[in-house]
Every structure is written in structure tokens, then in C-alpha cells.
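Per UniProt numbering, the very first residue in the sequence shown carries number 1; after that it's consecutive. I have placed the structure first, in the form of C-alpha cells, so that the comments after it can refer back to it.
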Amino acid sequence: MHPKEVFILAIESSCDDTAAAVLRGEKVLSNVVARQSIHEEYGGVVPELASRAHQQNIVPVIDVALKKANITKEQLSAIAFTQGPGLMGSLLVGTSFAKSLSMALRIPLIAVNHMHAHILAHFIDEEGYDKPTFPFLALTISGGHTQIVKVNDFFDMEIIGETTDDAVGEAFDKTAKILGLPYPGGPLIDQFAKEGNPKKYPFTKPKVEGLDFSFSGLKTQILYFVQKNVAANPNFIEENKADICASVQHTIIEILMEKIKLAVAETGIRQIAIGGGVSANSGIRQTLKETENKYGWKTFIPKFEYTTDNAAMIGIVGYHKFLHDQFTNAGVVSKARIEF
Ligand code: KG4
Ligand code: ZN
Numbered sequence: 001m002h003p004k005e006v007f008i009l010a011i012e013s014s015c016d017d018t019a020a021a022v023l024r025g026e027k028v029l030s031n032v033v034a035r036q037s038i039h040e041e042y043g044g045v046v047p048e049l050a051s052r053a054h055q056q057n058i059v060p061v062i063d064v065a066l067k068k069a070n071i072t073k074e075q076l077s078a079i080a081f082t083q084g085p086g087l088m089g090s091l092l093v094g095t096s097f098a099k100s101l102s103m104a105l106r107i108p109l110i111a112v113n114h115m116h117a118h119i120l121a122h123f124i125d126e127e128g129y130d131k132p133t134f135p136f137l138a139l140t141i142s143g144g145h146t147q148i149v150k151v152n153d154f155f156d157m158e159i160i161g162e163t164t165d166d167a168v169g170e171a172f173d174k175t176a177k178i179l180g181l182p183y184p185g186g187p188l189i190d191q192f193a194k195e196g197n198p199k200k201y202p203f204t205k206p207k208v209e210g211l212d213f214s215f216s217g218l219k220t221q222i223l224y225f226v227q228k229n230v231a232a233n234p235n236f237i238e239e240n241k242a243d244i245c246a247s248v249q250h251t252i253i254e255i256l257m258e259k260i261k262l263a264v265a266e267t268g269i270r271q272i273a274i275g276g277g278v279s280a281n282s283g284i285r286q287t288l289k290e291t292e293n294k295y296g297w298k299t300f301i302p303k304f305e306y307t308t309d310n311a312a313m314i315g316i317v318g319y320h321k322f323l324h325d326q327f328t329n330a331g332v333v334s335k336a337r338i339e340f
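Written as C-alpha cells, this is what we have:
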């Protein structure tokens, strides 16, 4: 089979988005995501509700993905699915569905590590998008992950730094919660920050060895800071929202940039690719872009729909595994935690 004639159906259900995509080679034919708004009123993802919503969404989402791609199930070459890491109840829905469909269609099954997918999303074919070359550094930042990965090849990568507590997305979301903003608060902080002074409130940065991160201390610091000021002025948040958001975002960006600079110094690699929902942050994007002129780095920021949780990224890993005959069998199980 010519590589361009490989059709992969990919399924992603690791957290609160039910997603399906169809790829032809490295090109995305369809990329469908059903977001679950049910969690907004709880201020975070409720695992039991997430798996229930996946069950409701998975059949229609796959149906739409096939229709948008304009292909039939019979044309598929293989099915790729997220094996982990993620919420067990959520993963089980996608895994079970992928297994059953591959058996029914008698086509191979491919298990994908969600974290590899965030990184290899940079290899999706897109008009005008320059792909990184190996080796490069990947910064994966989202509500569930914060990692710096040295990527030597498609299937040869090592984590060289990661969070020791909260993920960076949690730092955004928990700050938003303290400020009374709805979940997920990251995009709102980004919005308010645009109008504010990033130097107004200097928060201290955590001291963490090497390339690892910590965000839980920052969250506590922000909580005490807000409580103290609200006690003195009940309108403190309303009156200073933009400055608080800008200062918090500025601190988070400084924490990330400090570690990336160190990673570049330690590895000598100057290609930086970012992924995960937090890479949508306009401050992070701008700061990274500036490094191209400032330090001569080359940065890679994929299309927004490939940075948040999506199935196209699962499909691109599936495609490369297909080319290397890396298949799994029907005995495969979901893994909430998974070896990198
Ligand atoms: O990758 P993602 O969709 O899901 C996982 O967590 O795996 O990432 C979601 C995270 C949330 O924490 C959300 O607040 C954050 O990404 N996020 C942002 C922005 N857009 C999404 N954080 C800061 N600025 C943004 N513009
Ligand atoms: Zn993710």
C-alpha cells in the first residue's frame, strides 16, 4: 500500500473531549471534537460525568468524522486510539470502541500514548507549516501536563523536565477560580491580561532544581494575596482584574522561559515546539516568537485545533506506527498512567 493511501481513523477520549479524526497519510481529512460543557458548573472535570458523556458522544462523533472525510468505514486501513495517560473511565470508552470496530472491520489496531501525540502533532501536513527536524525540544503544556521533552526521532524521546506538582494549565485554572471566573479559566486570564500591567504585582517564582517545574506554591501565593487584599477592599478583584491576570500570566511565562532557556543551554538544541491547550496563550506565543530574533531559536506552534486535545494528533502517531508495523491486539488495556 502506498503511504498516501493509508487511511487512519483516530479516537481520543482521555479527558473531557470526545474526538475522532480521519487522516490520509499525514493529511487530516476531518477532525471532530465534542466538548463537554457539563463540567463548567462544577469548576473542573468530573470523571464519572466525563465517561458518561463519552458514551453518548462517541458514535455520532465518529460518524461525523467519517462523513466529513468523505470515506466509508471499509476504506479504513487501521484504527488508532488513545491508550493513556488520562482518566480511566474516559479512556475505557475510546479503547473499547476502537477494539470492537477493528474486530468488526478486520483491520489493525494501534495504541497511542497521548503525550507522544501532543508532540508529534507537529508532523501533520498543513499548508505553510514548517515541520521541526530531529532533534528538537518539545514543551507540552496543558491542564494535565507540563513537560520538556527531547525528541530524537518519532519513537525516541525522553522527558528532561516536568512538573513536580500542578500542571501549568491548573495554575491558570485555579487562579481563575480564585478570581471567581468560570472553568476553564486559562483563556479568560489571557483575555484580561491583555489590558493589564504585567509588572504591577510581583509574585515570587518557585525554586526548583534543574529542568523541573512547580506551580502549586504560586497558586497558594495568589490565594493569600487575593484574600488579604479583598479583606481590605471587597472590590479589589473587580477593580484590578486585568493587572492581577497580567501579573500572574507574566510570572507563569517567566517560569516556563527560564526552564526552556536552561534546556537549550544543556542540550544545545535551538528548535522549540510547543503543544497542549496552554500553548494557545497569546503571551506565551508572543514571548516564544520573540526568541527567534533575540536568541536565534526556531519555534513551532501548530494550529490551535491540533494543540488542545484532539484526535488528529492521535492519527498522525497512528500513521507513523502503521508504517512501522507497530500494532496491538484485542487484549490491550487502557492505562491511566503510562510509561513514556
Ligand atoms: O490540552 P487541553 O485542551 O486539555 C488537557 O488538559 O489535556 O488543555 C486545557 C488547558 C486548560 O487548563 C485551559 O485553561 C488551558 O489549557 N488554556 C489556556 C488558554 N487556552 C486554554 N491557558 C492559558 N491561556 C489560554 N489562552
Ligand atoms: Zn492533552
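The beta carbon of each residue, even a glycine, is placed where N, CA and C say it ideally should be.
The ligand ZN heavy atom lying under 8 Å from the CB of residue i
i	result
Ile-245	Reading off the sequence, residue 245 comes out as Cys, not Ile. Checking every heavy atom of the ligand ZN against the Cβ of Cys-245, none is found closer than 8 Å.
His-2	no
His-118	yes
Ser-90	no
Ser-37	no
Ser-214	no
His-114	yes
Ser-14	yes
Rounded distance between the beta-carbons of residue j and residue i, thought under 8 Å
i	j	result
Glu-12	Ile-284	Between Ile-284 and Glu-12 the Cβ distance is about 23 Å, and since that is not below 8 Å, they are no contact.
Phe-61	Ala-104	A small fix is needed here, since residue 61 is Val in this sequence, not Phe. In fact, because the Cβ distance is near 18 Å, the residues do not count as touching under 8 Å.
Asp-309	Ser-77	In fact, because the Cβ distance is near 24 Å, the residues do not count as touching under 8 Å.
His-324	Leu-120	With 8 Å as the limit, His-324 and Leu-120 do not qualify as a contact, their Cβ atoms being about 13 Å apart.
Gly-210	Glu-170	Their Cβ separation, rounded to whole angstroms, is 21 Å, which puts Gly-210 and Glu-170 out of contact at 8 Å.
Ile-124	Ile-316	5 Å
Val-17	Val-33	The sequence given here has Asp at residue 17, not Val. With a Cβ gap of about 5 Å, Asp-17 and Val-33 count as contacting.
Thr-307	Ile-253	With a Cβ gap of about 16 Å, Thr-307 and Ile-253 do not count as contacting.
Ile-71	Ala-98	With 8 Å as the limit, Ile-71 and Ala-98 do not qualify as a contact, their Cβ atoms being about 17 Å apart.
residue 378	Pro-202	This structure cannot settle anything about residue 378, because the visible part of the chain is limited to 1 through 340.
Asn-281	Gly-186	7 Å
Gly-318	Ile-107	Contact flag wrong, Cβ pair sits at about 12 Å.
Asp-166	Phe-215	4 Å
Check: Just the residues with CB closer than 5 Å to a heavy atom of the ligand KG4, in chain order, which are they?
Finding: Proximity annotation: the ligand KG4 has residues Ser-142, Gly-143, Gly-144, Gly-169, Phe-172, Asp-173, Pro-184, Gly-186, Pro-187, Asp-190, Gly-276, Gly-277, Val-278, Ala-280, Asn-281, Thr-308, Asp-309 in chain order, each selected because its CB is closer than 5 Å to a heavy atom of the ligand.
Note to self: Just to confirm the assignment: which complete alpha helix (DSSP H) runs, minimum length 4, are found wholly within the segment 137-194?
What the structure shows: The segment 137-194 contains these whole alpha helix (DSSP H) runs: 168-178, 186-193.
Next item on the list: At 3 residues or longer, and completely inside the segment 235-310: list those beta strand (DSSP E) runs for me, N to C.
Entry: DSSP runs (the beta strand (DSSP E)) wholly in the segment 235-310: 271-275, 298-300.
Next item on the list: At 3 residues or longer, and completely inside the segment 56-131: list those beta strand (DSSP E) runs for me, N to C.
Entry: Correct list: 78-84, 109-113.
Note to self: Count Cβ pairs between the segment 158-175 and the segment 248-261 that sit closer than 8 Å; are there 3 or more?
What the structure shows: The count of Cβ pairs closer than 8 Å, one atom from the segment 158-175 and one from the segment 248-261, reaches three, so the stretches are in contact.
Checklist line | Segment contact, 8 Å Cβ cut-off, at least three pairs: the segment 321-339 with the segment 22-42 | finding: Result no; under three Cβ-Cβ pairs closer than 8 Å.
Notebook entry, point to check: How about the segment 109-123 and the segment 77-91: do they share at least three Cβ pairs that are nearer than 8 Å?
Noted result: With the cut-off at 8 Å, the segment 109-123 and the segment 77-91 touch.
Notebook entry, point to check: Can we say the segment 256-263 touches the segment 221-241, given the rule of at least three CB pairs closer than 8 Å?
Noted result: The segment 256-263 is not in contact with the segment 221-241.
Note to self: Can you confirm whether the segment 277-291 touches the segment 227-234 when touching is taken to mean that 3 or more C-beta pairs between the two stretches lie within less than 8 Å?
What the structure shows: Result no; under three Cβ-Cβ pairs closer than 8 Å.
Next item on the list: Taking 8 Å as the threshold, find out whether the segment 299-308 comes into contact with the segment 62-76 through three or more Cβ pairs.
Entry: By the Cβ rule, the segment 299-308 does not count as touching the segment 62-76, because fewer than three pairs are nearer than 8 Å.
Item checked: the segment 148-158 contacting the segment 281-296, beta-carbon criterion three pairs below 8 Å -> By the criterion of at least three beta-carbon pairs nearer than 8 Å, the segment 148-158 is not in contact with the segment 281-296.
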